[in-house]
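*Asks:*
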Amino acid sequence: MSTPAAVTHVLTRSRRVPTVMTPTPEQADIIANISPRLRVLAGPGTGKTATLVECVADRVINRGVNPSQILVLTFSKRAAAELTARMVSRLGITTREPMVRTLHSYAYSLVRTQARRMGEQEPRLLGAGESDQMIREMLSGHVDQGGGPWPEFLHRALGMSGFAAELRNLLARSTESGLAPADIISWGRRKERPEWVAAGQFATEYSKVLDLRTGTTRQGQALDQAELMGVALGLLKNDEILAVQQAQIRRIFVDEYQDVDPAQAAVIAALATGADELMVVGDPDQSIYAFRGSDPAAMKNVIVDRTVALTQGRRMSAEITRATRRVAALLPGPAEHRALVVVPTQSVDREPGQPVLAAALGPAGVGPGGMQSAGVESAGVGLIDVRVFSSAAAEASYIADGFRRAHLREGIAWSQMAVLVRSPQASLPALRRAFTVMGVPLAQPADSRSMVADATVSALLMVLEAATTPASLTGPRAVELMTSPLAGLDLLSLRRLRRALKVARPDEGGTTDLLASVLAGAPIPAGLSPDLSLPLTAVVAMLEIARRARNDSDAESALWGIWQRSAREGVLREASLRGGRAGQQADVTLDAVIALFETAAHRAEVLPGAGVSDFVEAVLGREIEEDLFGPHATFTEAVQILSAHSSKGLEFEVVALTGVEEGRWPAQVSNSSLLGTSDLLDFAHGLPATASRSIHNLADERRLFYVAATRAKKILIATAVADPQTQPSRFLFEIAGTQEIPQGRPLSADGRERRGLNVPELLADLRRSASDPAAPLALREVAAGHLAELSSHRVRGADPTLWWGLPPVSTGEEVLAESETVVISPSMVESLNRCALGAVLERHGGRGEAGEAQLEGVVVHALAHGIALQLPWEELMAELDDYLDADRSLAPWQLARLRRLAVSMALAVQQWSTAHHPPWELIGSEVPVLSAVPTCAPGDGLSSEQAERPVVISGRADWISADEEGLPVVVDFKTSSSIVSKAEAEANPQLATYQVAIGSPVHAVDPREPTAPNTETEQARESGGAVLVYLRKGTPTVREQSPLTPEQRVTWIGEIRRAAAHLTAATALATENKYCDFCSVRTSCPVQEQGRQVT
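Number 347 in the UniProt record's numbering belongs to position 347 of the sequence shown; there are no gaps in the numbering.
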């Protein structure tokens, strides 16, 4: 067999039909260019990518240039993939070596090739996260050393993630600017900036650590992105290496040149010194990566022979073009490419006979916001719609409605619509709610920081960390795990568990350490009640699953095992289906868990074999961020919500810019910096350090807004919230071209606010018209006809027989048989007799998850229990801190406020207790109360069966004390700020029910085998009364309820039995009361306007 001949490239015929564009005169001039150095200024949508493709095609096909001698450089992987696909289609060939590369890809190829020639290992690329993790580890070491090289004023910042990020930015920007560590130290000494001296020393140490890791792991040199470009530039300073590259690369085309940083510009300049042709294409108005080191002046600074501007726009409609020109006119820099002329084009993705956009969105030439659009012009129909709203919810609802109209009436695909914001996470909650109501699919952006902040995700990571790093399973961490969603213990249950462990192992340390030892594998004490043993066993099992998988090559299987054992999926799914706030939170948690699994999968792809420990360190150490070498979002058939930065290079038929408000867009950018990176770079480049960069910051923000606005092809919606605290941005007025911006939704023909284009609002409109006796008969008949048609298609809510009061009940049977015991709590007596429907629905899942007020009550009652047990104050405060530190449902400032209130109210409990004990004597705290309710005479709505059926009171009294005469007094601690009157306290159903329970002849019964007396004639025990103790003011306020008289006792027995009858009845009565505005089941209440019937 003969040896194949050496080749420099391989050409293969493509089966695709080449696509040839018809260039404009400007494009033809660029394609035919013979100047060695050409600068192309190309505004948005002017066909710069197509022009670049034709330039390469011209060189290969018409001029006979060898494809392997052409290098096309661009900024992102997405842009490189798009350019490659276009060139393959246009040329009909593929090449052995990529013709199109990102700048980092070219630099890596150069460094790798040189490493191979030297017989060294190939270099390894560090993602942004890995670099961050190394920096944090090194800073942690400096903290342990008392501050290391850092000046004293920075010592407290060394452990903060923000400082690590700022230091990484300084190192990256310095490398891009060609500053070596010694240069940073020198500038620090010259300008008396000790933080720069320390940063330079850190940079030297950082390089040594990288070299050490390279040697110990036997892998190639580890380089982050900035270092990669620096190494490549250093190689090109070698004449021999540069000559080889220049011999191979004769023609260089650079797309998005405005985004290059100094190091990248220097690499391009070095290659171009011996090239036959250099063409740089870009738009300084779209330079939005200053935070990565790019310079808007890059296009101006590059040395060229001539400049050509592309000014014929093909993307944006005439109306959007005019609007964006108003913004561009305020930007600094060259202006010749801003005078865009819209080229006539046919509608994209429109079938013959499809309605035009104006017909779809309302009256001719009027858009969804009611603002006059351009109408039908040479470029087709376009729309610019600018509005302000009173709230973020109204703003999001309007955008969702506009998207739905464009989709249903115009046939625009959801994937051709996008919401662009300055910060996706700040806008996401309102958008998610509005889009869900409108039935608009929303592809939500993954955010690693919100992922790690979720309580469930945090707990899953704690389990993994405890398995991979056993020393991390400390006492406080064990408490955190047991109070996490994986176990769900409240403060009182946690206290019981810790006391049970202390009883079982009295001489083996503190209770938190005992808990940690059980989680680590020590035996679980026998005799624990199920409410304690089950969650404890579950967490132990999850930890065991993680331990068995800790040596796996990736974290996916371990996560999956822990997740299945937690059984959280079913709980969260049920909450999601129920809707409401709890449902929304469940959705957020499920999204975060999915993001965690996807992150684990991506980590396994990028670093195969790195293991579970690496994954845990990566996530907890740096809250994984996507970098230039990471994956990009995949676009599904849903509306995208993107940051303005990530929208660069994309285009959509419909774009909404939301949250265009002062302080948000433009964002408030602080000029202060702990390390003064900008000052360092200014000095190094011979520029004066400016005290304020507000002008530059404003220009950066305006460029970002301009890029976002120019993503729109047909419809551009820009909105803001206007209220006393929030004002529309200056950018909103610039793009509107007027100081008079409409507020709220537009009005329909009848003068009412236009309803949304969705089924619920349509049904409401039709039902209102059909049932309004004052409406014209013809209108009512039309509305009824539409309802009949919708009903025939089984649209829920269209059939009048399913409206309020008309559907049959699902069952007429009572919840419990007459012979079964009804168990009722003292607190339920009041709520059932106040509104039976609300109480029943809340009892059976209608109440949302515990909020701050409920958490406050749990904490204070647990502290009151500890005071009753005479625990030392220091121990109470330590347990309070442990519990609050483990909470993930509240923000830090809320937890701080909760702690202050809890301590204040605990002191109020102590004050009240000291004042009353003696002469009273404490009988017990958190006392279980289980008592049979005597029978009573029927009447006042009670049937004979209801008056005699077995009823048991079951509750837990905060405190029970014996007064001077030895009679029991029920004490109920209250954390609310609303204090009832003395008369209301005397009539308080909860206290009265406790008095009835304590005074009953039979006081401890099994509810499954009731032994309640048959009559009230048996001797009842006497009660000493009851008290409400309000604590919120920090001093106790007391409201008393006198001991029940025999007559009052009979009355309250009837009230208790009436409540029990409500609890078991087949139907539940809704009663309007003063608490309706705070009810959690308003949407299921016939008394409320938004209520739906529950049958």
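Here a beta-carbon is modelled for each residue, glycine too, at the ideal position from N, C-alpha and C. This one's a predicted model, so the numbers in the text were calculated from it and none came from an experiment.
(1) Suppose you measure from the CA of M542 to the CA of L514; what does that come to, to the nearest Å?
(2) Give every residue of the same chain whose Cβ lies closer than 7 Å to the Cβ of E1072, excluding the five residues on either side of it in the sequence, and list them in chain order.
(3) So, with DSSP's three-state summary, where would you put A57?
(4) Please go through the region 152 to 229 and give each complete beta strand (DSSP E) segment of 3 or more residues, from N-terminal end onward.
(5) If we count the other Cβ atoms within 10 Å of its Cβ and call it buried at 16 or more, is D882 buried or exposed?
(6) Which residues in the same chain have their Cβ closer than 8 Å to the Cβ of T84, if we skip the five residues on either side of it in sequence?
(7) Determine which residues share a DSSP beta bridge with K974 and list them.
(8) Check I1053 in the structure and name its three-state DSSP category.
(9) Just to confirm the assignment, what range does the alpha helix (DSSP H) spanning S517 have?
(10) If P968 and G1024 are in contact, beta carbons under 8 Å, what's the gap, nearest whole angstrom?
(11) Taking the beta strand (DSSP E) that L420 belongs to, which residues open and close that run?
(12) Should the region 41 to 49 be called in touch with the region 265 to 285, which here means at least 3 C-beta pairs below 8 Å?
(13) At a threshold of 7 Å, does S566 count as lining the ligand FAD (C-beta to nearest heavy atom)?
(14) Tell me which residue opens and which closes the beta strand (DSSP E) that D958 is part of.
(15) By a C-beta neighbour count over all protein chains shown, 10 Å radius and 16 as the cutoff for buried, is I594 buried or exposed?
(16) Grouping DSSP H, G and I as helix and E and B as strand, with all else coil, what is D1077?
(17) State buried or exposed for K208, treating a residue as buried only when at least 16 other CB atoms are found within 10 Å of its CB.
(18) If distances are taken between C-alpha atoms only, which option among L534, P429, S415 comes closest to E395?
(19) Taking the runs of the alpha helix (DSSP H) that are 4 residues or longer, which of them lie wholly in the region 44 to 90?
(20) Which one of V1038, R124, D401 has the shortest CA to CA distance from W414?
(21) Could you say which of A57, T1051, A1068, E556 lies nearest to E814 if we only look at CA atoms?
(22) With V539 as the anchor, note down where its alpha helix (DSSP H) starts and where it stops.
(23) Do R322 and V343 have their beta-carbon atoms positioned less than 8 Å apart in this structure?
(24) Pairing CB atoms from the region 1028 to 1044 with CB atoms from the region 907 to 922, are three or more of them under 8 Å?
(25) Check this for me: beta carbons of A962 and I923, under 8 Å apart or not?
(26) Please report the straight-line C-alpha distance between L264 and E879, rounded to a whole angstrom.
(27) Between which two residues does the alpha helix (DSSP H) holding M905 run?
(28) Whose C-alpha, out of L340, E336, A1060, is nearest the C-alpha of T821?
(29) Alpha carbon to alpha carbon, what distance is there between M482 and G488?
(30) Since D385 sits in a beta bridge, which residues does DSSP pair it with?
(31) What's the C-alpha gap between S1084 and A1070?
(32) Please work out which residues of its chain come closer than 6 Å, Cβ to Cβ, to L766, disregarding the five sequence neighbours upstream and downstream, and give them in chain order.
(33) Could you check whether the region 102 to 116 touches the region 300 to 318, counting it as contact only if at least three pairs of C-beta atoms, one from each stretch, sit closer than 8 Å?
(34) Do you know whose CA, among P332, P23, G333, M316, lies nearest L340's CA?
(35) Give the DSSP-derived three-state secondary structure of L38 in the structure shown.
(36) Terminal residues of the continuous beta strand (DSSP E) containing V281?
*Replies:* This is what the structure gives:
(1) If you number the sequence shown from 1, residue 542 lands on position 542. If you number the sequence shown from 1, residue 514 lands on position 514. Taking the CA atoms as reference points, M542 sits about 18 Å from L514.
(2) Working through the sequence shown from its first residue, we reach residue 1072 at position 1072. Within the same chain, E1072 has close Cβ partners V1087.
(3) On the sequence shown, residue 57 is found 57 positions in, with the first residue counted as 1. When DSSP states are grouped into helix, strand and coil, A57 belongs to the helix group.
(4) For the region 152 to 229, not a single whole beta strand (DSSP E) run of length 3 or above is found.
(5) For the purposes of this step, residue 882 is taken as the residue at position 882 of the sequence shown. With 16 or more other CB atoms across the displayed protein chains lying within 10 angstroms of its CB, D882 is buried.
(6) For the purposes of this step, residue 84 is taken as the residue at position 84 of the sequence shown. By the criterion of a C-beta distance shorter than 8 Å, T84 is surrounded in its chain by P98, M99, V100, once the five residues flanking it on both sides are discounted.
(7) On the sequence shown, residue 974 is found 974 positions in, with the first residue counted as 1. Answer is Y1030.
(8) Looking up residue 1053 in the sequence shown gives position 1053. Helix at I1053.
(9) Mapped onto the sequence shown, residue 517 falls at position 517. Segment 511 to 519, the alpha helix (DSSP H) holding S517.
(10) As a working mapping, residue 968 is identified with position 968 in the sequence shown. As a working mapping, residue 1024 is identified with position 1024 in the sequence shown. Between G1024 and P968 the Cβ distance is about 6 Å, and since that is below 8 Å, they are a contact.
(11) Sequence index remark: in the sequence shown, residue 420 carries index 420 (1-based). In the DSSP assignment, L420 falls within the unbroken beta strand (DSSP E) covering 417 to 421.
(12) The region 41 to 49 vs the region 265 to 285: in contact.
(13) Annotation note on the ligand FAD: not contained in the displayed structure, which lists no ligands.
(14) Counted from its first residue, the sequence shown places residue 958 at position 958. Residues 951 to 962.
(15) Position 594 of the sequence shown holds residue 594. With fewer than 16 neighbouring CB atoms inside 10 Å of its own CB, I594 falls in the exposed class.
(16) As a position in the sequence shown, residue 1077 is number 1077, starting the count at 1. Helix, per DSSP.
(17) Here residue 208 refers to the residue found at position 208 of the sequence shown. Counting Cβ neighbours within 10 Å, K208 comes out exposed, since fewer than 16 surround it.
(18) Walking along the sequence shown from the start, residue 395 turns up at place 395. The closest CA to that of E395, considering only L534, P429, S415, is found on P429.
(19) If we require 4 residues or more, the alpha helix (DSSP H) runs fully inside the region 44 to 90 come out as 48 to 57.
(20) Taking the sequence shown and counting its residues from 1, the one referred to as residue 414 is at position 414. Among V1038, R124, D401, the Cα nearest to that of W414 is on D401.
(21) Against the sequence shown, residue 814 aligns to sequence position 814. Looking from the CA of E814, the closest CA among A57, T1051, A1068, E556 belongs to A1068.
(22) Walking along the sequence shown from the start, residue 539 turns up at place 539. From DSSP, the alpha helix (DSSP H) with V539 extends over 530 to 548.
(23) On the sequence shown, residue 343 is found 343 positions in, with the first residue counted as 1. On the sequence shown, residue 322 is found 322 positions in, with the first residue counted as 1. If you check the CB distance, V343 and R322 do not come in under 8 Å.
(24) Touching, yes.
(25) Taking the first residue of the sequence shown as position 1, residue 962 is located at position 962. Taking the first residue of the sequence shown as position 1, residue 923 is located at position 923. Yes, the Cβ-Cβ distance between A962 and I923 is below 8 Å.
(26) As a working note, residue 264 is residue 264 in the sequence shown. As a working note, residue 879 is residue 879 in the sequence shown. With the sequence shown as reference, residue 264 is identified as Gln, and Leu is not the correct amino acid for it. Computed Cα separation, rounded: 56 Å.
(27) As a first step, residue 905 must be located in the sequence shown, where it is residue number 905. Run containing M905: 892 to 916, per the alpha helix (DSSP H) assignment.
(28) Here residue 821 corresponds to residue number 821 of the sequence shown, with the count starting at 1. If we check each option's Cα against that of T821, A1060 comes out closest.
(29) One-based indexing of the sequence shown puts residue 488 at position 488. One-based indexing of the sequence shown puts residue 482 at position 482. Put simply, the backbone Cα of G488 is about 6 Å away from that of M482.
(30) Working through the sequence shown from its first residue, we reach residue 385 at position 385. Among the bridge pairs identified by DSSP, D385 is matched with I717.
(31) If you number the sequence shown from 1, residue 1084 lands on position 1084. If you number the sequence shown from 1, residue 1070 lands on position 1070. Looking at the two C-alpha atoms, the distance is approximately 10 Å.
(32) Along the sequence shown, one-based indexing puts residue 766 at 766. Closer than 6 Å at the Cβ level, and outside the excluded window around L766, lie A783, H786, L787.
(33) Contact between the region 102 to 116 and the region 300 to 318 is absent, because fewer than three Cβ pairs lie under 8 Å.
(34) Here the question's residue 340 lines up with position 340 in the sequence shown. Distance from the Cα of L340 is smallest, within the candidate group P332, P23, G333, M316, for M316.
(35) Sequence index remark: in the sequence shown, residue 38 carries index 38 (1-based). Three-state DSSP puts L38 in a strand.
(36) Reading the sequence shown from its first residue, position 281 is the one you call residue 281. From DSSP, the beta strand (DSSP E) with V281 extends over 277 to 282.
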